[in-house]
Amino acid sequence: MDSLQIYLILAAILFSLGIFAVITRRNAIAVLMGIELILNAANLNFIAFARFGGMNITGHIFALFVIVLAVAEVAVALAIIINIYQNFNSINVDEAQQLKQ
Amino acid sequence: MINIVFWFFVAMTVVAAFAVVLSKNLVYAAVSLLVTFLGVASMYVFLWADFMAGTQVMIYIGGILILILFGIMLTHKIASVRVSHANVQRGVGAIVVLALFTGLVWMINISPWINEPSIEPVQTVETIGTLLMTDYLLPFEVASVLLLGALIGAAVLARKDD
Amino acid sequence: MNIFLQYTLLIYFLPLIAFGIQIFIGKRLPRQGDWLSIGAVLATLVLSIALFAGMLLDYNPDFKQNFSFTWLETTNFKISMGFLVDNITIIMLLVVAIISSASHIYSLKYMEGDSRYSRFYAYLSLFTFSMNGIVLANSFMLLYMSWELVGLSSYLLIGFWFEKDSASNAGKKAFLTNRVGDIGFFIGIMLLFTAIGSFSYSEVFAGVAAGKISGTLLTLAGIGLFMGAVGKSAQFPLHIWLPDAMEGPTPVSALIHAATMVAAGVFMMVRVFPILTPDALILIAYIGGFTAFFAATIAITRTDIKQVLAYSTLSQLGYMIMSVGTGAYIAAFFHLAIHAMFKANLFYGAGSVIHGMHHSLHELDDHETDAQDMRNMGGLRVKMPITYLAMVISSLAISGVPLFSGFLSKDAILAGTLALVERTHSHHLLLFFGFGAALITAFYMFRMIFLTFHNEPNKPKIFKHIKESPTAMLIPLVVLSMLSIFIFYTLPNANPISDQGWFTHLVEPQESLVPGHINPSVHEIEESIHHSHNPAMITSLIVAGLGLLLAWFMYFKKIISAEVWARRIKPLYNLSFNKYYIDELYDKILYQPFLKIADWVAYLDWDVYDKYFINGFGRVTEWIAKIVGIADYDGLDQGIVDSFGRNTNRLGGALKKLQTGKIQNYVLYAALAVVILLIIQML
């Protein structure tokens, strides 16, 4: 039972859950976690395709870069979140409505 | 036997993912995220991506998750859990996500995947390293610059305004 | 061109030309143009005398000349107009010319200094022209046109001093009363036209003789024509305008209301006599007789000298009309001509007296006393001898005293009346009317003479300053007095009571043209008149003498007291004094209701029709406009046009809600979009 579809479906699950978290969660850090889930889902996809596509290492490389970027992004995001917390005393995304018309 | 282990890890990943998304307590969510990361790493192992599995554990769990935990700690209120954590979008969101998922699954099943034969490599590290230095040198350097930028940026942002 | 046509055209048009010039530039001519009008009328007089002389020389009773031209022609009918010149015409032309000339000359002094002097002469010329039109007409159309013109001239002249309300009202009264008569006149003319298809006398007469119109319809036509005479000749019940017409200047009264215009009615009756049925004739006789008697009874209580003469005219006109009714219509025409002479003379005499009174009052600076009231006169015989003589001669004439002209004509009329009674053995009332009026006439005429000229003056102060009138005013008096002597009418006979003069020879009665021989023939009429001539003459002499005697005793000798008798017959006296309250009666039963109807109609038009209907239109339009406005403004503009804006606004407002500012929402939208795309792919 080691087919490509399993991994892909698993990735799909992770992706959907990640989207759900981004959409639904009120805490900014929870949203960040959702983003991590999404990224992981994407990575899983890459690795799966690498394995079932003639062991193409390019997939691995790609996943590596994704991880790198994820790191950078989390670092900056957290900096921002901490800043927001210091300014507004809350990191409730519902309350960050400055873009509202 | 492998199948049981495999399915165990799959289940672990999925359940943890659900926990991340649905748990009201942020720290629980963070720990579940840790378990999710572990599950994904195990998937990598099953997929013969030894280097990636290691990288996953080290960086994601060791780096990102620590950062997240730091963030949680730094922004936690004394009286933490307040009213309702769910927002209005929950119902609609669930539907949309479900639809999305259904669409993805359907797409996965429909697609005629070409299954190329592949031989299990002894290790992938060497290959990855070589590729990084030859074919993918530019992205490598750019990535390093990016990291530098992120570093500086984060430092600037985290500074208290004078 | 025929000599008669030449003369006739000149006679007809010269006064019209004078009128035309006079009315427009008269004021700027030297002496205000009076010589123009006088010249025209004197030319008319000369031509009329020429025609008259020609007639006498020819001595032909059947003389008749007819000149016609087509005035209007359509496919259905043709109207022609023109002149008819026969002996009657010539005599009448002469009468009009004489009196008109007299009036023109009289006015030189009487109207001297008047502010509208030139206009007066213009109107006189207009009147002469119109009157000649009536005389010369040979068709009912021209007759009617000239008839109306004469009425217009009368209105203008009566109301000449229109600053006085009484004068302008009198003018209106004359015109309107005339108009009432003219309605009947026109109906009569139209009845004839409808039946016969022509307006000209000759064709109408021929048509009647041929039986195209007969029986009741012909009687009605005759009565219709008579109505014109009732109006114009002031018979009862349309007599009311004549006494009021004395508001006009005396020359006007003399010309129009004594001699010519009022005679036009009689003249017309004489012309149309052959087509009158017995029923019409009897009606005519009674109305005429009644008017004669009725007017005479009013005249005896008059104190204004001109009013006496006015009612006297009414009475004499009644005589003429009655004579037409009895069949002796030539006698009527005879009386018309003679009466014109002495009545005009009487008016000129009265005018002279009034002129003298005015002069005296002016010297005394008296503006209150009435110059025409006989109670302010008396004893004027010594101061105004010529005037006195003229008045006496004319009064003798009107009373029917032999040796004067009036005797001949009045005698003929009364003979005719008696003849009718003898023929039909009924209608005795007419005798009472005729002879009674003769008695009363003699009485009131000499009452007037005695009151004015005899006894002691009632107002010595005024009497002191009275003088005889200027020569220009005396000339007509002298001339007309001469014409009131019998001799002019009995030639070539010298017998003062002869009825065989040139007049009766030249003017012969015509046979009645009414079919069926229901009217007596000329022969029958003449026979009966011949029989009753002597009885009538004797009776009229007795009656006239009685009247004169009564006046003598009452006013000259003062043996019988007028006041005592007046008190004794007080109710009758009051009736007479108040003119039988006719004017008041008319006012109550005609004028007031009519005015009320007019008020009511005005109310209908003004307050109902205008207010509701016309204004209603306005209001309905307003209302419709309002509705349309609402529809346009609130409905269209606000509803449809604005709604575009408003809905866009609302849509925008709704869409605005999408921009929540929450990033998570945006992510949801993105996911949704992907889902949708997937679905589309699936399908």
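From first to last, the protein sequence lines stand for chains R, L and B. If you read the first sequence in this note's numbering, its first letter stands for residue 95, the second for the next number, and so on. If you read the second sequence in this note's numbering, its first letter stands for residue -2, the second for the next number, and so on. If you read the third sequence in this note's numbering, its first letter stands for residue 403, the second for the next number, and so on. Ideal Cβ placement from N, Cα and C applies to all residues, glycine included. Keep in mind it's a predicted model, so treat the numbers as computed, not measured.
Short check: CB of residue i to CB of residue j, under 8 Å?
i               : j               : result
F749 of chain B : A656 of chain B : yes
L71 of chain L  : I178 of chain R : no
N860 of chain B : M779 of chain B : yes
L101 of chain L : A144 of chain R : no
A647 of chain B : L711 of chain B : no
I677 of chain B : L620 of chain B : yes
Q730 of chain B : I931 of chain B : The question names Gln, but residue 730 of chain B in the sequence shown is Ala. Yes, they are a contact pair.
S527 of chain B : P417 of chain B : yes
I161 of chain R : T124 of chain L : no
S570 of chain B : G561 of chain B : yes
Q424 of chain B : Y523 of chain B : yes
A821 of chain B : A946 of chain B : no
A152 of chain L : A166 of chain R : no
Y957 of chain B : F855 of chain B : no
F695 of chain B : G838 of chain B : yes
M786 of chain B : I868 of chain B : yes
S978 of chain B : T703 of chain B : yes
L138 of chain R : L104 of chain R : yes
M629 of chain B : G590 of chain B : yes
I689 of chain B : K981 of chain B : no
A874 of chain B : I507 of chain B : yes
I69 of chain L  : L23 of chain L  : yes
L915 of chain B : V726 of chain B : no
What are the boundary residues of the alpha helix (DSSP H) that includes residue i?
i                : result
L62 of chain L   : Neither: L62 of chain L is in no alpha helix (DSSP H) and is coded neither H nor E.
K1028 of chain B : N1017 to I1032
L459 of chain B  : D436 to D460
Y372 of chain B  : With chain B covering 403 to 1085 only, the question about residue 372 of chain B has no answer from this structure.
P109 of chain L  : P109 of chain L -> no alpha helix (DSSP H), and no H or E assigned at all.
N778 of chain B  : Unbroken run through N778 of chain B: none, as it is neither H nor E.
P862 of chain B  : P862 to K866
F749 of chain B  : Y731 to E765
D681 of chain B  : P680 to A701
G802 of chain B  : Unbroken run through G802 of chain B: none, as it is neither H nor E.
G586 of chain B  : D567 to I598
A265 of chain R  : The shown model of chain R, from 95 to 195, leaves out residue 265 of chain R, and the question about it has no answer.
P645 of chain B  : W643 to D646
F835 of chain B  : H830 to F855
V119 of chain L  : No alpha helix (DSSP H) holds V119 of chain L; DSSP gives it neither H nor E.
T118 of chain R  : L98 to T118
N186 of chain R  : Here N186 of chain R belongs to no alpha helix (DSSP H), and DSSP marks it neither H nor E.
L31 of chain L   : L23 to F43
D1012 of chain B : Element bounds for D1012 of chain B: n/a, residue is neither H nor E.
E910 of chain B  : Here E910 of chain B belongs to no alpha helix (DSSP H), and DSSP marks it neither H nor E.
For the beta strand (DSSP E) containing residue i, name the first residue and the last one.
i               : result
L992 of chain B : Premise fails: L992 of chain B is in no beta strand (DSSP E) and is neither H nor E.
F485 of chain B : K480 to D488
S359 of chain B : Any answer about residue 359 of chain B is impossible in this case: the structure gives chain B only from 403 up to 1085.
Using 8 Å as the cut-off, can you tell me whether the region 712 to 730 of chain B makes contact with the region 996 to 1007 of chain B, which would need three or more C-beta pairs spanning the two stretches below that distance?
No contact exists between the region 712 to 730 of chain B and the region 996 to 1007 of chain B.
For the region 98 to 118 of chain R, which residues have a CB atom closer than 7 Å to at least one CB atom of chain B, in sequence order?
Listed by position along the chain: I113, V116 and I117.
Scan the region 140 to 151 of chain L for residues whose Cβ lies nearer than 9 Å to a Cβ of chain B and list them as they occur along the chain.
From the region 140 to 151 of chain L, no residue has a Cβ closer than 9 Å to chain B.
Closer than 8 Å, Cβ to any Cβ of chain L: which residues of the region 159 to 182 of chain R, in chain order?
Answer set for the region 159 to 182 of chain R: F159, I161, V162, L163, A164, V165, A166, E167, V168, A169, V170, L172, A173, I174, I175, I176, N177, Y179 and Q180.
If the cut-off is 7 Å on Cβ atoms, which residues from the region 1057 to 1073 of chain B count as contacting chain L, listed in chain order?
Listed in sequence order: Q1066, N1067, L1070 and A1073.
Output needed in chain order: residues of the region 1018 to 1047 of chain B with a Cβ under 9 Å from some Cβ in chain L.
Going along the region 1018 to 1047 of chain B in chain order, one finds no residue with a Cβ nearer than 9 Å to chain L.
Pull out every residue of the region 14 to 27 of chain L whose Cβ sits closer than 7 Å to any Cβ of chain B, in chain order.
Look at the region 14 to 27 of chain L: it has no residue with a C-beta under 7 Å from a C-beta of chain B.
Does the region 809 to 817 of chain B touch the region 934 to 942 of chain B, meaning 3 or more C-beta pairs lie closer than 8 Å?
As far as the Cβ criterion goes, the region 934 to 942 of chain B touches the region 809 to 817 of chain B, which means the pair count is three or higher.
Does the count of Cβ pairs from the region 452 to 470 of chain B and the region 505 to 518 of chain B closer than 8 Å reach three?
By the C-beta criterion, the region 452 to 470 of chain B is judged not to be in contact with the region 505 to 518 of chain B, since fewer than 3 inter-stretch pairs fall below 8 Å.
How about the region 14 to 32 of chain L and the region 113 to 121 of chain R: do they share at least three Cβ pairs that are nearer than 8 Å?
Yes: at least three Cβ pairs fall under 8 Å.
I want to know whether the region 473 to 492 of chain B touches the region 536 to 543 of chain B - three or more CB-CB distances under 8 Å.
By the criterion of at least three beta-carbon pairs nearer than 8 Å, the region 473 to 492 of chain B is in contact with the region 536 to 543 of chain B.
Restricting to runs no shorter than 4 residues, where is the alpha helix (DSSP H) found entirely within the region 495 to 561 of chain B?
For the region 495 to 561 of chain B, whole alpha helix (DSSP H) runs of length 4 or above, ordered along the chain, are 519 to 538 and 542 to 560.
What residues from the region 134 to 148 of chain R come within 8 Å of chain L, judged by C-beta to C-beta, listed N to C?
Taking 8 Å as the Cβ-Cβ cut-off against chain L, the residues of the region 134 to 148 of chain R that qualify are N134, N137, L138, I141, A142, A144, R145, F146, G147 and G148.
Members of the region 36 to 55 of chain L near chain R, C-beta cut-off 8 Å
Using a CB distance below 8 Å, the part of the region 36 to 55 of chain L facing chain R consists of V37, M40, Y41, F43, L44, W45, A46, F48, M49, T52 and Q53, ordered along the chain.
Complete alpha helix (DSSP H) runs within the region 124 to 148 of chain R (minimum length 4 residues, chain order)
Whole alpha helix (DSSP H) segments, 4+ residues: zero.
Within the chosen definition, does the region 117 to 137 of chain L reach the region 122 to 131 of chain R through at least 3 CB pairs nearer than 8 Å?
When C-beta atoms of the region 117 to 137 of chain L are compared with those of the region 122 to 131 of chain R, fewer than three pairs fall below 8 Å, so the two segments do not count as touching.
Segment contact, 8 Å Cβ cut-off, at least three pairs: the region 85 to 99 of chain L with the region 41 to 59 of chain L
Because the criterion of three Cβ pairs below 8 Å is not met, the region 85 to 99 of chain L and the region 41 to 59 of chain L do not touch.
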